[in-house]
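These notes concern the structure reproduced below.
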């Protein structure tokens, strides 16, 4: 069985795919345009399954590497095909019309919304929403392994995610229950505004959010 | 004139005081118990004014180094004595009865609440809420200068804060308007839960939240 399925082959799908291969996990790539999935598979190299969205996800871990609205559509359309899977929401539901808030109400999160749409038996976790694609592809910034915050209500799912993240040479941080996605999404929105601020010359969608401890 | 007044002489007041002195700024310390202010002044050393809460704040920058509820009381009781000042809210309004959310509604923040109570002409900024006292006293973690996120609606006030923070050998980050305090307070709440989690052995109220850029 394939270990990880990534749906979506944009920058984040490609970056997470790079880390999955660094972790020596088997990978399936799906995209609405199967040709894009095959192109990314060829670019990443190795024995990667590639196909169109709609094809059965073979991974135990299914990463929705698409924007929030597309992620909602995916869990709805896949339905029970995601039962038994760990479904990873990476989205940042920013209201880009104002760039001043999230597009989800403050008493919920993209992750909880997606969990509410997912079929019974699918376990939604939040992860990789605070790692920018450029940084994730490299895996470190300024000599520090990236931190990957994982929020979820299943300890088993979070353990599986921690194993994947660790194998990918990143540092997993258990951020608590799925509702902590609210704080993860909120802060990443703030970090996105910093990247977009021309006054902050060092921040160009290539920074890393890091919790440093005394060495 | 004194440059900075710190009201409150607990761990955060002491740590910010240490940084203010590192910045070679003049300092006034006020505490409900004037004796505590004098004790901290003696401990920090140097030519520091010390007195009771209620005494006129002499600093252009007035740091409310107290919990959220006490900060609200201070701006109300000081009233117009804070006009013309930069008033720094450092609080994290965590609901400690549940340790599961903030105690302010999600469509506002401690900083905005305090700004709403402050007299006309007082300029409230959010700063230092993501720096733990132990870390702040040292000024760096793992060889990295601390990041100090500053949110506020006055560019002039944020510039003054950036100058102070830089002189204190920390890195200021302009986090945007005062309402970005919502995201700063939310994420610090999450970081606090990590420090309190015994499974995360490296996190003991001594970490630093850092935005790393490629070197």
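Residue numbers (the working numbering), protein chains in the order written: chain R, 1244 to 1458; chain D, 1244 to 1458.
Glycine is no exception: its CB is placed at the ideal position from the N, C-alpha and C atoms.
This structure is a prediction, so every number in the text was calculated from the model and none was measured.
Whole-angstrom C-beta distance between residue j and residue i, which should lie under 8 Å
i                       : j                       : result
residue 1250 of chain R : residue 1305 of chain R : 7 Å
residue 1285 of chain R : residue 1252 of chain R : 11 Å between Cβ atoms; not a contact.
residue 1390 of chain R : residue 1414 of chain R : 5 Å
residue 1342 of chain D : residue 1373 of chain D : About 17 Å separates the two Cβ atoms, so there is no contact after all.
residue 1456 of chain R : residue 1384 of chain D : 7 Å
residue 1423 of chain D : residue 1433 of chain R : 6 Å
residue 1428 of chain D : residue 1345 of chain D : 6 Å
Neighbouring residues, chain R, relative to residue i (Cβ below 8 Å)
i                       : result
residue 1429 of chain D : 1425, 1426, 1429 and 1430
Close Cβ partners of residue i (< 7 Å) along its chain, the five nearest in sequence each way excluded
i                       : result
residue 1464 of chain D : Here chain D comprises residues numbered 1244 to 1458, so residue 1464 of chain D is not present and cannot be evaluated.
residue 1449 of chain D : 1375, 1377 and 1378
residue 1333 of chain R : 1255, 1306, 1307, 1308, 1370, 1371 and 1372
residue 1324 of chain D : 1299 and 1300
residue 1266 of chain D : 1407, 1410 and 1411
residue 1330 of chain R : 1305, 1307, 1318, 1361, 1365, 1366 and 1367
heavy atom of the ligand SAM below 8 Å from residue i C-beta
i                       : result
residue 1423 of chain R : The ligand SAM is absent from the structure shown, which contains no ligands of any kind.
Neighbouring residues, chain R, relative to residue i (Cβ below 7 Å)
i                       : result
residue 1451 of chain D : 1455
residue 1226 of chain D : Only positions 1244 to 1458 of chain D appear in this structure, which leaves residue 1226 of chain D out of reach.
Proximal residues of chain D, C-beta to C-beta of residue i below 9 Å
i                       : result
residue 1458 of chain R : 1384, 1385 and 1386
residue 1442 of chain R : 1417
Chain-order list of residues whose beta-carbon lies under 8 Å from that of residue i (same chain, five-residue window excluded)
i                       : result
residue 1416 of chain R : 1390, 1391, 1392, 1393 and 1454
residue 1276 of chain D : 1295
residue 1405 of chain D : 1393, 1415 and 1417
residue 1440 of chain D : 1446
residue 1257 of chain D : 1283, 1286, 1287, 1376 and 1380
Beta-ladder partner(s) of residue i, from DSSP
i                       : result
residue 1460 of chain R : An answer regarding residue 1460 of chain R cannot be provided, because it is not within the stretch 1244 to 1458 covered by chain R.
residue 1417 of chain R : R:1393
residue 1348 of chain R : Bridge partners of residue 1348 of chain R: none, in fact.
residue 1388 of chain D : D:1383
residue 1369 of chain R : R:1332 and R:1394
residue 1433 of chain R : Looking at the DSSP assignment, residue 1433 of chain R forms no beta bridge with any residue, so it has no partner.
residue 1310 of chain R : Paired residue(s): none; residue 1310 of chain R is not in a bridge.
residue 1261 of chain R : None; residue 1261 of chain R has no bridge partner.
residue 1362 of chain D : In the DSSP output, where bridge partners are listed per residue, residue 1362 of chain D has none listed.
residue 1424 of chain D : Paired residues: none, contrary to the question.
Amino acids of chain R, ordered along the chain, whose beta-carbon sits closer than 9 Å to that of residue i
i                       : result
residue 1233 of chain D : Because residue 1233 of chain D is not part of the residues shown, which for chain D are 1244 to 1458, the question remains open.
Close Cβ partners of residue i (< 6 Å) along its chain, the five nearest in sequence each way excluded
i                       : result
residue 1247 of chain R : 1263, 1268, 1270, 1302 and 1304
residue 1451 of chain R : 1378, 1384 and 1389
residue 1319 of chain R : 1360
residue 1274 of chain D : 1252 and 1280
residue 1328 of chain D : 1305 and 1365
Short CB-CB distance (under 9 Å) between residue i and chain A
i                       : result
residue 1379 of chain R : The chain inventory of the structure shown lacks chain A, comprising the protein chains R and D.
Chain D contacts made by the stretch 1385-1406 of chain R, where a contact means CB separation under 7 Å | 1385 and 1387
Below 8 Å between beta carbons is the criterion; list the residues of the stretch 1245-1272 of chain R that meet it against any residue of chain D, in chain order.
-> none
Could you please tell me which residues of the stretch 1345-1369 of chain R, in chain order, have their CB closer than 7 Å to any CB of chain D?
-> The stretch 1345-1369 of chain R vs chain D, Cβ under 7 Å: 1349 and 1350.
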